[in-house]
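A.B. asks: Just passing along the structure, written as structure tokens.
Here's what the structure looks like:
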């Protein structure tokens with residue numbers, strides 16, 4: 001397994017520790033007491049819970065080891081020299097304008113001089129054109145951003161996740177969402193089943209009761225945080241907006257990437273076959289069609 005950042009191993013170990021501890025308490029402390037009263041349903045719940053536990057690990061590992069997607073290292077070679085120079089020049093100019101406008105927003109008390117040409121600059125139109133990454137020395141296709149943590153350009157970059165220790169982009173965003181969904185299913189069951197047991201005439205005693213109480217507390221807090229995170233991602237996937245783009249003010253009123261149907265926005269990320277929506281399977285790589293820049297003088 002290749003980790004993008006060695007320091008992130010601690011975050012990954014912590015996540016595995018939480019998942020393992022919840023499974024241990026539910027299966028080896030809660031279910032044995034339930035089994036004495038209702039053996040049939042307990043076996044079914046145990047099997048189902050273990051399957052979800054397996055799916056959590058599957059999706060989590062996929063989100064870690066799968067590349068988020070990077071531009072082809074030879075992409076710049078597919079452009080004519082004069083076009084490549086225009087892309088570099090345009091990228092540098094746009095970056096300067098964006099930095100100037102950001103500085104203006106931060107210094108509201110002061111009026112900064114903005115050139116008339118800068119005023120006409122449309123960040124939405126600029127986002128739809130190829131640009132150039134001077135760090136990677138390669139062309140960046142639309143929606144591609146350079147990650148400082150990975151020190152690489154990421155296709156359709158959403159964010160860098162320290163808990164996964166990997167960037168979340170075009171090719172592993174689906175696994176990231178599936179991991180959260182399966183984790184929520186697991187944690188919510190811990191909360192519901194154990195809470196019912198604790199509020200009733202429970203047979204849980206001593207260490208088992210204490211561990212189950214802690215399991216409910218941690219699972220409830222995780223459900224709140226991860227549920228909020230999942231809602232945030234699903235909403236923006238439905239709008240076809242990444243976390244990076246969410247912070248661009250202009251995207252809230254003019255999103256050129258959103259399709260007419262919400263289902264099509266989901267298919268762009270999760271795939272056209274619904275089996276990939278449910279299972280964290282790796283889709284076969286298709287040949288990427290090179291998108292040539294439409295900017296010409």
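In the UniProt record's numbering, the protein residues as written are 1 to 297.
Glycine is no exception: its CB is placed at the ideal position from the N, C-alpha and C atoms.
Bear in mind the structure is a predicted one, so any value in this text is a computation, not a measurement.
1. Which two residues bound the contiguous beta strand (DSSP E) that contains residue 318?
2. Within this structure, are the beta carbons of residue 68 and residue 172 separated by less than 8 Å?
3. By Cβ distance, which residues of its chain are closer than 8 Å to residue 230, with the 5 residues on each side in sequence left out?
4. Give the C-beta separation of residue 25 and residue 212 to the nearest angstrom, bearing in mind that I take them to be a contact with Cβ-Cβ under 8 Å.
5. Can you name, in chain order, every residue of its own chain whose Cβ lies under 7 Å from the Cβ of residue 297, other than the five neighbours on each side?
6. Along the beta strand (DSSP E) that carries residue 276, what are the first and last residues, could you check?
7. Say whether the stretch 251–258 touches the stretch 194–211, bearing in mind that this needs 3 or more beta-carbon pairs closer than 8 Å, one atom from each stretch.
8. What is the DSSP secondary structure of residue 152, counted as helix, strand or coil?
9. Quick one, are the C-beta atoms of residue 42 and residue 35 less than 8 Å apart?
10. Which of the three DSSP states, helix, strand or coil, is assigned to residue 145?
11. Report buried or exposed for residue 59, applying the criterion of at least 16 other Cβ atoms within 10 angstroms of its Cβ.
12. Roughly how far, in whole angstroms, is the beta-carbon of residue 23 from the beta-carbon of residue 197, given that I think they are within contact range, below 8 Å?
13. Would you tell me roughly how many angstroms separate the C-alpha atoms of residue 92 and residue 271, rounded to the nearest one?
14. How is the beta strand (DSSP E) around residue 132 delimited, first residue to last?
15. Tell me which residue opens and which closes the beta strand (DSSP E) that residue 94 is part of.
16. Specify, as a first and last residue, the run of the alpha helix (DSSP H) that residue 78 falls within.
17. Could you give the C-beta distance for residue 141 and residue 71, rounded to a whole number, given that I count them as a contact under 8 Å?
18. Excluding the five sequence neighbours on either side, which residues of its own chain have a C-beta within less than 6 Å of the C-beta of residue 159, listed in chain order?
19. Considering Cα atoms alone, identify which of 166, 223, 264 and 247 is closest to residue 237.
20. Over what stretch of residues does the beta strand (DSSP E) that includes residue 57 continue unbroken?
21. Let me know if residue 132 comes out buried or exposed under the rule of 16 or more other beta-carbons within 10 Å of its beta-carbon.
22. Measuring alpha carbon to alpha carbon, tell me which residue in 8, 19, 18 and 32 is nearest residue 205.
C.D. replies: On the basis of the coordinates in this document:
1. Examination of residue 318 is not possible in this model, given that the chain is present from 1 through 297 alone.
2. Within the chain shown, numbered from 1, the residue matching residue 68 stands at position 68. Within the chain shown, numbered from 1, the residue matching residue 172 stands at position 172. Taking 8 Å as the Cβ cut-off, residue 68 and residue 172 qualify as a contacting pair.
3. Taking the chain shown and counting its residues from 1, the one referred to as residue 230 is at position 230. Once the five neighbours on either side are set aside, the close Cβ partners of residue 230 are 177, 180, 181 and 184.
4. For the purposes of this step, residue 25 is taken as residue 25 along the chain shown, with counting starting at 1. For the purposes of this step, residue 212 is taken as residue 212 along the chain shown, with counting starting at 1. About 6 Å; that satisfies the 8 Å criterion.
5. The residue given as residue 297 occupies position 297 in the chain shown. Low per-residue confidence applies at residue 297: pLDDT is 26, beneath 50, and the placement is therefore not dependable, though the value from the model is reported in the following sentence. If we look at residue 297 and ignore the five residues flanking it on each side, its Cβ neighbours are 86.
6. Reading the chain shown from its first residue, position 276 is the one you call residue 276. In the DSSP assignment, residue 276 falls outside any beta strand (DSSP E) and lies within the alpha helix (DSSP H) extending over 275–278.
7. Touching, no.
8. Translated into positions along the chain shown, residue 152 becomes position 152. Strand, per DSSP.
9. Walking along the chain shown from the start, residue 42 turns up at place 42. Walking along the chain shown from the start, residue 35 turns up at place 35. Contact: yes.
10. Here residue 145 refers to the residue found at position 145 of the chain shown. If DSSP states are grouped into helix, strand and coil, residue 145 belongs with the strands.
11. Mapped onto the chain shown, residue 59 falls at position 59. Residue 59 comes out buried.
12. For this step, residue 23 is matched to residue 23 along the chain shown. For this step, residue 197 is matched to residue 197 along the chain shown. The C-beta distance from residue 23 to residue 197 rounds to 17 Å, too long to fall under 8 Å, and the pair is not in contact.
13. For this step, residue 92 is matched to residue 92 along the chain shown. For this step, residue 271 is matched to residue 271 along the chain shown. Looking at the two C-alpha atoms, the distance is approximately 35 Å.
14. If you number the chain shown from 1, residue 132 lands on position 132. Under the DSSP assignment, residue 132 falls in the beta strand (DSSP E) whose first and last residues are 131–133.
15. The count along the chain shown starts at 1 and reaches residue 94 at position 94. Unbroken run through residue 94 is the alpha helix (DSSP H), 81–106; no beta strand (DSSP E).
16. In the chain shown, the residue the question calls residue 78 occupies position 78. Counting along the chain, residue 78 sits inside no alpha helix (DSSP H), nor does DSSP assign it H or E at all.
17. As a first step, residue 141 is located in the chain shown; it is residue number 141 there, counting from the start. As a first step, residue 71 is located in the chain shown; it is residue number 71 there, counting from the start. Confirmed, about 6 Å.
18. In the chain shown, residue 159 corresponds to position 159, counting from 1. Counting only Cβ-Cβ distances below 6 Å, and skipping sequence neighbours, we find 168 and 243.
19. Counting from 1 along the chain shown, the entry for residue 237 is found at position 237. If we check each option's Cα against that of residue 237, 264 comes out closest.
20. On the chain shown, residue 57 is found 57 positions in, with the first residue counted as 1. First-last for residue 57: 39–65, but that is the alpha helix (DSSP H), not the beta strand (DSSP E).
21. Within the chain shown, numbered from 1, the residue matching residue 132 stands at position 132. Taking all protein chains in view, the Cβ of residue 132 is crowded by 16 or more other Cβ atoms within 10 Å, so the residue is classified as buried.
22. Along the chain shown, one-based indexing puts residue 205 at 205. Measuring from the Cα of residue 205, the nearest candidate turns out to be 32.
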